[in-house]
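This report refers to the structure that appears directly beneath it.
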Amino acid sequence: MSLNPEELRYTKEHEWVHLQGETARIGITEYAAEQLGDVVHVELPEQNAEFEQGEAFGSVESVKSVSDVYLPLTGRVTEVNATLADNPGIINEDPYGEGWIVNLQLKDPSKLEGLMSHDDYQKFLSEEA
Amino acid sequence: MKSKEGTVYKQSRKGRQGFSINDRAVADKNISDYLPKDLIRTNKARLPELSEFDVVRHYTRLSQQNFAIDTNFYPLGSCTMKYNPRINEETSSYDGFANTHPWQYQHTVQGNLKLMYELGESLKTITGMAGVTLQPAAGAHGEFTGLLCIRAFLENQGNPRKKVIIPDSAHGTNPSSAKLCGYDIVKIPTGPEGIMDVAAVAKVMDEDVAALMVTNPSTLGIFEKNIKEIADLVHDKGGFVYCDGANMNAVMGNVVVADLGVDCLHFNLHKTFTTPHGGGGPGSGPIVVSELLEPFLPKPVIKKTNEGRYVAEFDRPQSIGRVRAFFGNFGMLVRAYTYIRELGPEGIKQVSDMAVLNANYIRARLKDHYSLAFEAPSMHEVVFSDKSLKGTKVKTLDVAKRLLEFGMHAPTIYFPITVSGALMIEPTETENKETLDEFCETMIQIAKEAKESPEKLTEAPQNTFRSRLNEVKAVREPVLREQW
Numbered sequence: 001m002s003l004n005p006e007e008l009r010y011t012k013e014h015e016w017v018h019l020q021g022e023t024a025r026i027g028i029t030e031y032a033a034e035q036l037g038d039v040v041h042v043e044l045p046e047q048n049a050e051f052e053q054g055e056a057f058g059s060v061e062s063v064k065s066v067s068d069v070y071l072p073l074t075g076r077v078t079e080v081n082a083t084l085a086d087n088p089g090i091i092n093e094d095p096y097g098e099g100w101i102v103n104l105q106l107k108d109p110s111k112l113e114g115l116m117s118h119d120d121y122q123k124f125l126s127e128e129a
Numbered sequence: 130m131k132s133k134e135g136t137v138y139k140q141s142r143k144g145r146q147g148f149s150i151n152d153r154a155v156a157d158k159n160i161s162d163y164l165p166k167d168l169i170r171t172n173k174a175r176l177p178e179l180s181e182f183d184v185v186r187h188y189t190r191l192s193q194q195n196f197a198i199d200t201n202f203y204p205l206g207s208c209t210m211k212y213n214p215r216i217n218e219e220t221s222s223y224d225g226f227a228n229t230h231p232w233q234y235q236h237t238v239q240g241n242l243k244l245m246y247e248l249g250e251s252l253k254t255i256t257g258m259a260g261v262t263l264q265p266a267a268g269a270h271g272e273f274t275g276l277l278c279i280r281a282f283l284e285n286q287g288n289p290r291k292k293v294i295i296p297d298s299a300h301g302t303n304p305s306s307a308k309l310c311g312y313d314i315v316k317i318p319t320g321p322e323g324i325m326d327v328a329a330v331a332k333v334m335d336e337d338v339a340a341l342m343v344t345n346p347s348t349l350g351i352f353e354k355n356i357k358e359i360a361d362l363v364h365d366k367g368g369f370v371y372c373d374g375a376n377m378n379a380v381m382g383n384v385v386v387a388d389l390g391v392d393c394l395h396f397n398l399h400k401t402f403t404t405p406h407g408g409g410g411p412g413s414g415p416i417v418v419s420e421l422l423e424p425f426l427p428k429p430v431i432k433k434t435n436e437g438r439y440v441a442e443f444d445r446p447q448s449i450g451r452v453r454a455f456f457g458n459f460g461m462l463v464r465a466y467t468y469i470r471e472l473g474p475e476g477i478k479q480v481s482d483m484a485v486l487n488a489n490y491i492r493a494r495l496k497d498h499y500s501l502a503f504e505a506p507s508m509h510e511v512v513f514s515d516k517s518l519k520g521t522k523v524k525t526l527d528v529a530k531r532l533l534e535f536g537m538h539a540p541t542i543y544f545p546i547t548v549s550g551a552l553m554i555e556p557t558e559t560e561n562k563e564t565l566d567e568f569c570e571t572m573i574q575i576a577k578e579a580k581e582s583p584e585k586l587t588e589a590p591q592n593t594f595r596s597r598l599n600e601v602k603a604v605r606e607p608v609l610r611e612q613w
C-alpha cells in the first residue's frame, strides 16, 4: 500500500522518509522518479551497513543517467527492498509504496524534524522549476 | 532502408565456403604428434560458413550503416567531431613511422624521437608550459597521470593532502581520476552565470586540498573568466590547478593557459588535433606541466642533446614511472604533429576563431526557438535547456531522435547534468555555412513540430537502419548472446 505523501518528510535531494517507531523507510519522490525516467537498475546497500546523514548509500540508474541516493538521516540499514533487483520499474510505478528502497534503524529519530514537510517540499519544487 | 542484416552466424550454411585447397604440397600431419592431448579440442569450432561474395556484401552493408563524420554533420557537444585531414593518414603510414619497432636502438629511430620531441615542444608553446609527456592513451588517462604528478610532488613535500575540488559541470572522468588517485571529491556548484564562483572556491579551499580541476572553456561552453583569481586562491594554500583541456579547440592560439595559473593540462589529440575517434581511435592524451611538476613526469622523457641527437631519457629518479607501454599511441602523435605543422601558429589561432564563430552562429539562429541555458557568451559550443519544451509532449531525447531522420547526428543530450534536459551543440570549425544553415533550419522545424505534431518526434526515427529503440527493454531484458 502506498504511503500518503502528505505524511512524509523530504530532502532537497528528493528522498522521502517515513518514520514508524524507531524505524524509518526511505525512498525517492515521484518527482525524482519522473525526472530520472524509467529506472532500470537499483544498487542497494548491504544489510546492517551504517551511513551518516547525507552519505550516498546506493544509486538509481535510468536509461538517462545514474544518480546517487543519499541517506536523509544517520542510521543502520535493517532491510533492503529486494524486489527492486528484479523489478526496478516499481520505483516509477509506485514510488511511495512498492518502490521503497531501505528500512533504517535511526540513530537519532528527533533529527527527522530537520527535514522538509510535504508543503515545504512542494514549495522547494516550485522554486526549482 | 531498414536493416535486416543478420550476423555472419545467421547467414552461415553448412558447406558454403570462399575457397578450396587443392594439391597441397605438404603432407597431412597428425596434430597429436605435436600437441599434448589436453590442448586438442574434441568438438569442432562452430565457425560461420559463407561464400567470399556473401562476406564482402555483409561487411560492405554494415559499413554503410555507420554514421560517420565523413558522411554527415556530427555536432556532438564536447566531443569535437571535426574533419580529420587525409594527409594525416599519409604521413602516419610512411615506412619510417609505421614500420619501426619501439624496441629498436635509439640511434636507428632518430626521426621518430625527433617527431615526439617536436610535438612536445609545440604543445608546450601552445600552452606556455614547461614539461610534457606524450604517454597517456586518452584524456582521462592524462587526468590520472597529471594528478599522479601532483600527488608525487606533494608526497615529496611530506603530505599528499586529501581533497580535490571539482565544479558540478565537470566531465565525469574528473572525479573518477581524482578518486583513483586517492582523493576525496569536493563538488562546488556552478554560479548563476554558468561559471565557477570565486567565493564558492574560497569557502572550500584549505590546506587539505591537493588540486582544483577546471575545464576551460567549461562543459557549458563558457570561458571561466575568474580562473586567474581562483588559481591564486588555490596557489596561496599550496594547491595545484589542473585544467581539463578537452575544450582547447576554443582557445588555442588565443589563450596561453600558463598565464591563467594552470599547473597541469591534458590535451585530447583525438579532439583538438584531428586524430581519429568515435570508433576510429585510439585516443591520445598528452599532458603539459609547470616547472614544479616536471621532475615527476612519466619516463622516459624525450630530450634533445647539445649535439642535436634525440634521446629517450630514463634517468629520472623522481618520475612516477611509466603510465603506458613504450611511447604512447605513436601513430596518433604523427597525425597530430602533421596537423600542427600544416596549420602553423596562425592556422591554430584561426581554428579557435572559426570554432567559436560557428557555435555562435548556431546560437544566434536558434536562441529564439530553444532556451539558452546561460546568457554568458558561448565559446566553441552552445548549450540549450529543455525549458522551451515544457508544456509540449516531447523531451530533449525526442528532439535528438528526430534529427536522425534528417541525416544529422544528434547533439550531446542530458549533459552537463546541471542543465535540465541539456542539448549541447558543437559544430566545430570544419563545417561550412550551408551545413550550419541546414542544421539550424531543421532544428527550427523540429521546434515547431514539437508544438504542432509531437508524434513526429516521439515516434522518430523511422527512416534509419534501426527505428526507435526500446531503451528500457534493452537494459531491463538485454539479449547478450545470439543462438544459431
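One line per chain: the protein sequences are A and B, in this order.
Okay, so the first sequence: first residue is 1 according to the working numbering, each after it adds one.
Okay, so the second sequence: first residue is 130 according to the working numbering, each after it adds one.
All C-beta atoms in this analysis are idealised placements derived from N, C-alpha and C, irrespective of residue type, glycine included.
Note that the structure is predicted; figures quoted are calculated from it, not measured.
Worksheet item: Where are the alpha helix (DSSP H) runs, 4 residues long or more, that stay fully inside the stretch 326-365 of chain B, in chain order?
Response: 327-333 and 356-365
Worksheet item: So, does the CB of E600 (chain B) fall closer than 8 Å to a CB anywhere in chain A?
Response: Start at 1 with the first residue of the second sequence, and residue 600 (chain B) comes out as number 471. Yes, its Cβ sits closer than 8 Å to a Cβ of chain A.
Worksheet entry | Continuous beta strand (DSSP E) assignments of at least 3 residues falling wholly in the stretch 435-500 of chain B | 439-442
Fill in: Rounded straight-line distance, which links the Cα of V39 (chain A) to that of P88 (chain A)
Numbered from 1 along the first sequence, position 88 holds the residue referred to as residue 88 (chain A). Numbered from 1 along the first sequence, position 39 holds the residue referred to as residue 39 (chain A). Roughly 6 Å between the two C-alpha positions.
Worksheet entry | For F124 (chain A), the first and last residue of its enclosing alpha helix (DSSP H) | Counted from its first residue, the first sequence places residue 124 (chain A) at position 124. Unbroken alpha helix (DSSP H) run through F124 (chain A): H118 to E128.
Worksheet item: What residues in its chain sit with their C-beta under 6 Å from that of E98 (chain A), if we drop five residues either side in the sequence?
Response: Taking the first residue of the first sequence as 1, we reach residue 98 (chain A) at position 98. Around E98 (chain A): I90.
Worksheet item: Going by DSSP, which residues form a beta bridge with M381 (chain B)?
Response: Position 252 of the second sequence, counted from the first residue, corresponds to residue 381 (chain B). In DSSP, M381 (chain B) forms no bridge with anything.
Item to complete: Would you mind working out which of B:V330, B:E560 and B:V184 sits nearest R142 (chain B), comparing C-alpha positions?
Response: What you label residue 142 (chain B) is simply residue 13 of the second sequence in a count that begins at 1. Closest option to R142 (chain B), Cα to Cα, is B:V184.
Worksheet item: Just checking, does the stretch 382-398 of chain B make contact with the stretch 551-565 of chain B on the three C-beta pairs under 8 Å criterion?
Response: no
Worksheet item: In chain B, which residues lie less than 7 Å from K64 (chain A) when you measure between Cβ atoms?
Response: Reading the first sequence from its first residue, position 64 is the one you call residue 64 (chain A). The contacting residues are Y543.
Practice prompt. Pair every Cβ in the stretch 257-271 of chain B with every Cβ in the stretch 385-402 of chain B, then say whether three or more of these pairs are closer than 8 Å.
Written response: yes
Worksheet item: Do Y70 (chain A) and W16 (chain A) have their C-beta atoms within less than 8 Å of each other?
Response: In the first sequence, counting from the first residue as 1, residue 70 (chain A) sits at position 70. In the first sequence, counting from the first residue as 1, residue 16 (chain A) sits at position 16. Contact: no.
Worksheet item: What first and last residue would you give for the beta strand (DSSP E) that runs through P296 (chain B)?
Response: Stepping through the second sequence from its first residue, residue 296 (chain B) is reached at position 167. From DSSP, the beta strand (DSSP E) with P296 (chain B) extends over K292 to P296.
Worksheet item: In three-state terms, what does DSSP make of R142 (chain B)?
Response: Position 13 of the second sequence holds residue 142 (chain B). R142 (chain B) falls in the coil class under three-state DSSP.
Item to complete: Have a look at I491 (chain B) and A379 (chain B) and give me their C-alpha separation to the nearest angstrom.
Response: Numbered from its first residue, the second sequence carries residue 491 (chain B) at position 362. Numbered from its first residue, the second sequence carries residue 379 (chain B) at position 250. One C-alpha to the other measures close to 15 Å.
Fill in: DSSP beta-bridge partners of V137 (chain B)
Walking along the second sequence from the start, residue 137 (chain B) turns up at place 8. V137 (chain B) pairs with nothing; no bridge assigned.
Item to complete: Compare the C-alpha of E52 (chain A) against each of A:D86, A:E128, A:H18 and A:V77 and name the closest.
Response: What you label residue 52 (chain A) is simply residue 52 of the first sequence in a count that begins at 1. Closest option to E52 (chain A), Cα to Cα, is A:V77.
Worksheet item: Taking only beta-carbon atoms, is V40 (chain A) less than 8 Å away from chain B?
Response: As a first step, residue 40 (chain A) is located in the first sequence; it is residue number 40 there, counting from the start. Yes, V40 (chain A) counts as interfacial toward chain B.
Worksheet item: In chain order, what residues of the same chain lie with their CB nearer than 7 Å to the CB of Y468 (chain B), ignoring the 5 residues before and after it?
Response: As a first step, residue 468 (chain B) must be located in the second sequence, where it is residue number 339. P214, N217, F402 and T403.
Worksheet item: Can you tell me whether Q193 (chain B) is buried or exposed, with buried defined as 16 or more other CB within 10 angstroms of its CB?
Response: On the second sequence, residue 193 (chain B) is found 64 positions in, with the first residue counted as 1. It is exposed - the Cβ of Q193 (chain B) has fewer than 16 other Cβ atoms within 10 Å.
Discussion item. Let me make sure I understand the geometry here. Which of B:G135, B:E534 and B:D167 has the alpha-carbon closest to that of R190 (chain B)?
Written reply: As a first step, residue 190 (chain B) must be located in the second sequence, where it is residue number 61. Taking only the C-alpha atoms, the option nearest R190 (chain B) is B:G135.
Worksheet item: Under a CB-based cut-off of 8 Å, is I351 (chain B) close to chain A?
Response: Reading the second sequence from its first residue, position 222 is the one you call residue 351 (chain B). It does not: the Cβ of I351 (chain B) has no partner Cβ on chain A nearer than 8 Å.
Worksheet entry | Segment limits, alpha helix (DSSP H) that includes R605 (chain B) | Looking up residue 605 (chain B) in the second sequence gives position 476. Start and end: E600 to R605.
Discussion item. Let me check one thing: in DSSP terms, what residues is M553 (chain B) bridge-paired to?
Written reply: Here residue 553 (chain B) corresponds to residue number 424 of the second sequence, with the count starting at 1. Answer is B:V512 and B:T541, bridged to M553 (chain B).
Discussion item. Rounding to the nearest angstrom, what Cα-Cα distance links Y246 (chain B) and G240 (chain B) in this structure?
Written reply: Residue 246 (chain B) sits at position 117 when you count from the first residue of the second sequence. Residue 240 (chain B) sits at position 111 when you count from the first residue of the second sequence. Between Y246 (chain B) and G240 (chain B), the C-alpha separation is close to 10 Å.
Worksheet item: Given that R531 (chain B) touches chain A, what residues does it touch there, using C-beta distances under 8 Å?
Response: As a first step, residue 531 (chain B) is located in the second sequence; it is residue number 402 there, counting from the start. Neighbours of R531 (chain B) on chain A: none; closest Cβ ~17 Å, over 8 Å.
Fill in: Within the stretch 161-197 of chain B, ranges of the beta strand (DSSP E) (whole runs, at least 3 residues)
none
Worksheet entry | Option nearest M553 (chain B) by Cα separation, candidates B:C310, B:K602 and B:L349 | Position 424 of the second sequence holds residue 553 (chain B). When each option's Cα is compared against that of M553 (chain B), the closest is B:L349.
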